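Residue numbers (the numbering used here): 3 to 140.
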């Protein structure tokens, strides 16, 4: 049986890979195209970077499909209306899928779509950067 790799080593490997990819793309793309794409990204990101949206995506990424009340317990202090609105928004954006089971009482599970998984993969380096900026050991 192989030993588990410490979390700090995993994070260091992810950070190094992100830096390598970043350098490759910096050299490969024309500056005008990059500026245009940054503007597009900023406009799109403003809708996704809402309060609780990233947290919901992160939880669904970490735990897989979850029911409404499971999500609510994991998040902590959040109103039922706010959670319902955020899940509806994520569903409309194609980031979260909603599966309704034909049972009594009805059961609904929420899970990331492929697009949602891609988003969380892109956000992880930003979250890693933010935690390092706050003095969390890398």
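Where is the CB? At the ideal position from N, CA and C, for every residue including glycine.
These numbers come from a predicted model, not from an experiment.
- Assignment of residue 54 by DSSP, reduced to helix, strand and coil, places it in the coil class.
- Boundaries of the beta strand (DSSP E) around residue 102: 98-103.
- For the 8 Å CB-CB criterion, residue 53 and residue 122 do not form a contact.
- If you look at residue 90, you'll find it in the alpha helix (DSSP H) that goes 82-94.
- Per DSSP, reduced to three states, the secondary structure at residue 113 is strand.
- Counting only residues of its own chain and dropping the five nearest sequence neighbours on each side, residue 56 has no CB closer than 6 Å to any other CB.
- Only residues of its own chain outside the window of five on either side were considered, and among them 74 have a CB closer than 6 Å to the CB of residue 85, listed in chain order.
- In the DSSP assignment, residue 68 forms a beta bridge with 112.
- Comparing alpha-carbon positions, the option among 91, 58, 97 lying closest to residue 76 turns out to be 58.
- Residue 103 is not a Cβ neighbour of residue 68, given a cutoff of 8 Å.
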